[in-house]
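Participant: This is the structure I want to talk about, given as structure tokens.
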Amino acid sequence: MNIAIVGGGWAGIAAAVALAGKADITLFEAGRALGGRARKIERTDARTLDNGQHILLGAYRETLGLMQKIGVAPEAHLRRLPLRIQDASGFCLSLPRLPHPLNLFWGLLTARKTGWREKLAAARWMRTLKARRFAVPPEIDGGVAQWLDAAGQNGVLRRHLWEPLCLAALNTPARYACPRVFAHVLRESLGNPARGATDLLLPRGTLSDLLPEPAGKWLGERGVRIRPQERVHVLRPRADRWQIVSGGGAEIFDRVILAVAPWHLPPLLAELPNAPAIPQDAEPIATLYYDYPENIALPYPLLALCGEHGGWLADRGQGVLAAVLSGHGAWEELTDSALASALHHDICAWFFHPVALPPYQIIREKRATFSCRPHLVRCPQTLSWPGLFIAGDHTLPDYPATLESAVRSGQNSARMLEERPD
0 MNIAIVGGGW
10 AGIAAAVALA
20 GKADITLFEA
30 GRALGGRARK
40 IERTDARTLD
50 NGQHILLGAY
60 RETLGLMQKI
70 GVAPEAHLRR
80 LPLRIQDASG
90 FCLSLPRLPH
100 PLNLFWGLLT
110 ARKTGWREKL
120 AAARWMRTLK
130 ARRFAVPPEI
140 DGGVAQWLDA
150 AGQNGVLRRH
160 LWEPLCLAAL
170 NTPARYACPR
180 VFAHVLRESL
190 GNPARGATDL
200 LLPRGTLSDL
210 LPEPAGKWLG
220 ERGVRIRPQE
230 RVHVLRPRAD
240 RWQIVSGGGA
250 EIFDRVILAV
260 APWHLPPLLA
270 ELPNAPAIPQ
280 DAEPIATLYY
290 DYPENIALPY
300 PLLALCGEHG
310 GWLADRGQGV
320 LAAVLSGHGA
330 WEELTDSALA
340 SALHHDICAW
350 FFHPVALPPY
360 QIIREKRATF
370 SCRPHLVRCP
380 QTLSWPGLFI
390 AGDHTLPDYP
400 ATLESAVRSG
410 QNSARMLEER
420 PD
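Shown next, in the form of structure tokens:
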């Protein structure tokens, strides 16, 4: 069987690994390297960073399993730390290494800058959620903010825990983020009984070290043809097969997996009759890398920013700090210099002495992830045309746009392809 996988991000990689050795596979990638939105980029000073700051969790079971399958030891490439949510206001919630749910309840009850009444209310809410299997009440038809209002979660924990978690996980502000998906995130993280599920997994190097580069080598050793810098323009049905038109010409394949962002799908499907409507609403992400003096270090590798624009701050070592903003907000209207200055001011709350604005680099992505809103109709992984499959984090109804959902979708598409040989 001759299979084409269009898109060399983490979904496309996962699909290729699952099918390697079972078919003749060609992997098309429009960029210069595999990895999609989660890969390294070269800087003018010869240092390498990532094209976006990503955080993994201990609950990313399929991602960690995929790394192990291609010979990457997660413990060698990821720092495992207990979950801590801390910001410069003095708020801090830290989960100890205790069995679930003791770790969560102890973390809530010992959280700083919040009263006992609110802590107990949050603990009761989480217990109720678990009893209801994290199902959102049917009367909640708005965003996460409405759900939190109905649950009475309106205090310090809402401002410093629930809403920042929602924005970090769904890349969508709580006022219009999907409660059902956020509930699933809570079930897989804070409500997950698996040991270490809530741990932060921080890359020791670049994201390319975790999967794209070793996967490229692993796939090449198994006969998978990887064709970088070759954009696919359109897909055409040819009897029971498919013609792919790319920068390299036209070729025929038995089966096709499209592992691209949702906004790249309409041009690829333009010549198919009755192509499904693909949701196009997207959320932006900005990553700002600051080159502070090498003696600068944060009290914890990942901190929340509590200034006007919110966001998260990651310590990448040797003075390099990465600030991340996601979801539509006022920050989008700021110039690069104004945004860098505003976040530098927030970052300085962690320093004991004044620090001048250092050199910085900004990566803005206007369409970084899909907008995870209520009643969003996801793109199906199988369509009415035999032999055509869709992969990508935008295809899984219960998941937000994360590396784990991308990997799961790629694996699902490969499984569906094998189960439907017609």
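FYI, the numbering for the sequence shown is 0 to 421, going by numbering that gives the first Met the number 0.
All residues carry an ideal CB built from backbone N, CA and C; glycine is no exception.
1. Determine the direct distance from the alpha carbon of His232 to that of Leu416, and round the result to whole angstroms.
2. Between Leu408 and Ala10, which are expected to be in contact by the criterion C-beta below 8 Å, what is the C-beta distance as a whole number of angstroms?
3. Unbroken alpha helix (DSSP H) runs of length 4 or more, entirely within the segment 150-186: which are they?
4. DSSP three-state call for Gly106: helix, strand or coil?
5. Measuring CA to CA, which of Leu320, Ser383, Asn294 and Ser340 is closest to Ala355?
6. Ala321 bridges to which residues according to DSSP?
7. Which whole-angstrom value describes the C-beta separation of Phe252 and His183, a residue pair presumed to lie in contact below a C-beta threshold of 8 Å?
8. Rounded to whole angstroms, how far is the Cβ of Gly318 from the Cβ of Tyr291, which I believe are closer than 8 Å?
9. Count the other CB atoms, across all protein chains shown, that sit within 10 Å of the CB of Glu162; report buried if there are 16 or more and exposed otherwise.
10. Over what stretch of residues does the beta strand (DSSP E) that includes Leu342 continue unbroken?
11. Which residue marks the beginning of the alpha helix (DSSP H) containing Gly409, and which one marks its end?
12. Can you tell me whether Val376 is buried or exposed, with buried defined as 16 or more other CB within 10 angstroms of its CB?
13. In three-state DSSP terms, what is Thr381?
14. Report yes if the CB atom of Pro211 is closer than 7 Å to the CB atom of Arg31, and no otherwise.
15. Quick check: what's the CA-CA separation for Ile12 versus Gly154?
16. Nearest to Tyr299 by CA position, among Gly34, Ser93, Glu74 and Arg240, is which residue?
17. Provide the residue span of the alpha helix (DSSP H) that contains Trp349, from first to last.
18. Starting from the Cα of Gln152, find the closest Cα among Trp124, Asn170 and Ala176 and give me that residue.
19. Do you know how far the Cα of Ser404 is from the Cα of Arg186?
20. Please state whether the Cβ-Cβ distance between Ile362 and Asp335 is less than 7 Å.
21. For Pro265, which residues from the same chain have a beta carbon less than 7 Å from its beta carbon, with the 5 sequence-adjacent residues on both sides left out?
22. Kindly list the residues whose CB is nearer than 8 Å to the CB of Ile295, restricted to its own chain and excluding five residues on each side of it in sequence; keep chain order.
23. With distance defined between alpha-carbon atoms, name the residue in Asp392, Gln410, Leu387 and Tyr398 nearest to Asn1.
24. Using a threshold of 7 Å, state whether the C-beta atoms of Val180 and Leu26 are closer than that.
25. Can you name, in chain order, every residue of its own chain whose Cβ lies under 8 Å from the Cβ of Arg96, other than the five neighbours on each side?
26. Is Pro399 near Ala168, with beta carbons less than 7 Å apart?
27. Quick check on this structure: which residue in Ser370, Pro272, Leu77 and Arg315 has the alpha carbon closest to the alpha carbon of Glu293?
28. Taking the alpha carbon of Ala322 as the reference point, which residue from Leu297, Lys39 and Tyr289 has its own alpha carbon closest?
29. Alpha carbon to alpha carbon, what distance is there between Thr381 and Ile69?
30. Measuring straight from C-alpha to C-alpha, what distance separates Glu423 and Ala17?
31. Mind checking which residues open and close the beta strand (DSSP E) that includes Gly114?
Facilitator: With the structure as the only source:
1. By one-based count along the sequence shown, residue 416 stands at place 417. By one-based count along the sequence shown, residue 232 stands at place 233. Their backbone Cα atoms lie some 22 Å apart in a straight line.
2. As a working mapping, residue 408 is identified with position 409 in the sequence shown. As a working mapping, residue 10 is identified with position 11 in the sequence shown. The sequence shown places Ser at residue 408, rather than the Leu named in the question. About 5 Å; that satisfies the 8 Å criterion.
3. Counting whole runs of 4 or more residues, the segment 150-186 contains the alpha helix (DSSP H) stretches 162-169.
4. In the sequence shown, the residue the question calls residue 106 occupies position 107. In the structure shown, Gly106 sits in a helix (DSSP, three-state: H, G or I).
5. Taking the sequence shown and counting its residues from 1, the one referred to as residue 355 is at position 356. When each option's Cα is compared against that of Ala355, the closest is Ser340.
6. Numbered from 1 along the sequence shown, position 322 holds the residue referred to as residue 321. Beta-bridge partners assigned by DSSP to Ala321: Tyr288 and Ala313.
7. By one-based count along the sequence shown, residue 252 stands at place 253. By one-based count along the sequence shown, residue 183 stands at place 184. No, Phe252 and His183 are not in contact; Cβ-Cβ is about 34 Å, not under 8 Å.
8. Working through the sequence shown from its first residue, we reach residue 318 at position 319. Working through the sequence shown from its first residue, we reach residue 291 at position 292. Yes, Gly318 and Tyr291 are in contact; Cβ-Cβ is about 4 Å, under 8 Å.
9. Walking along the sequence shown from the start, residue 162 turns up at place 163. It counts as buried.
10. In the sequence shown, counting from the first residue as 1, residue 342 sits at position 343. Per DSSP, Leu342 belongs to no beta strand (DSSP E); it is in the alpha helix (DSSP H), Asp335 to Ile346.
11. Against the sequence shown, residue 409 aligns to sequence position 410. For Gly409, the enclosing alpha helix (DSSP H) has its first and last residue at Leu402 to Glu418.
12. For the purposes of this step, residue 376 is taken as residue 377 along the sequence shown, with counting starting at 1. Classification for Val376: exposed.
13. Here residue 381 corresponds to residue number 382 of the sequence shown, with the count starting at 1. Strand, per DSSP.
14. Here residue 211 corresponds to residue number 212 of the sequence shown, with the count starting at 1. Here residue 31 corresponds to residue number 32 of the sequence shown, with the count starting at 1. Their beta carbons are not under 7 Å apart, which means Pro211 does not touch Arg31 by this criterion.
15. Sequence index remark: in the sequence shown, residue 12 carries index 13 (1-based). Sequence index remark: in the sequence shown, residue 154 carries index 155 (1-based). For Ile12 and Gly154, the distance between alpha carbons rounds to 42 Å.
16. Within the sequence shown, residue 299 is the residue found at index 300, counting from 1. Of the listed residues, the one whose Cα sits closest to Tyr299 is Ser93.
17. One-based indexing of the sequence shown puts residue 349 at position 350. Bounds of any alpha helix (DSSP H) do not take in Trp349, whose DSSP letter is neither H nor E.
18. As a position in the sequence shown, residue 152 is number 153, starting the count at 1. Residue Trp124 is the option with its Cα nearest to Gln152.
19. Here the question's residue 186 lines up with position 187 in the sequence shown. Here the question's residue 404 lines up with position 405 in the sequence shown. Straight through space, the alpha carbons of Ser404 and Arg186 are spaced by roughly 15 Å.
20. Within the sequence shown, the letter at position 363 stands for residue 362. Within the sequence shown, the letter at position 336 stands for residue 335. In this structure, Ile362 sits away from Asp335, with a CB-CB distance that is not shorter than 7 Å.
21. Counting from one through the sequence shown, the residue named residue 265 turns up at place 266. Ile277.
22. Locating residue 295 in the sequence shown gives position 296, counting from the first residue. Beyond the five residues adjoining it in sequence on each side, Ile295 comes within less than 8 Å, by CB distance, of Gly318, Leu320, Phe350 and Val354 in the same chain, given in chain order.
23. Numbered from 1 along the sequence shown, position 2 holds the residue referred to as residue 1. The residue among Asp392, Gln410, Leu387 and Tyr398 with its C-alpha nearest the C-alpha of Asn1 is Leu387.
24. For the purposes of this step, residue 180 is taken as residue 181 along the sequence shown, with counting starting at 1. For the purposes of this step, residue 26 is taken as residue 27 along the sequence shown, with counting starting at 1. Contact flag unset, no.
25. Residue numbering aside, residue 96 sits at position 97 when the sequence shown is read from its first letter. Once the five neighbours on either side are set aside, the close Cβ partners of Arg96 are Pro81 and Asn102.
26. Translated into the one-based positions of the sequence shown, residue 399 becomes position 400. Translated into the one-based positions of the sequence shown, residue 168 becomes position 169. Result yes, Cβ atoms of Pro399 and Ala168 sit closer than 7 Å.
27. Mapped onto the sequence shown, residue 293 falls at position 294. Residue Arg315 is the option with its Cα nearest to Glu293.
28. Walking along the sequence shown from the start, residue 322 turns up at place 323. Here the closest residue by C-alpha is Tyr289.
29. Along the sequence shown, read from residue 1 onward, the residue named residue 69 stands at position 70. Along the sequence shown, read from residue 1 onward, the residue named residue 381 stands at position 382. Rounded to whole angstroms, Ile69 to Thr381 spans 27 Å at the Cα level.
30. The shown model of the chain, from 0 to 421, leaves out residue 423, and the question about it has no answer.
31. Stepping through the sequence shown from its first residue, residue 114 is reached at position 115. Per DSSP, Gly114 belongs to no beta strand (DSSP E) and is neither H nor E.
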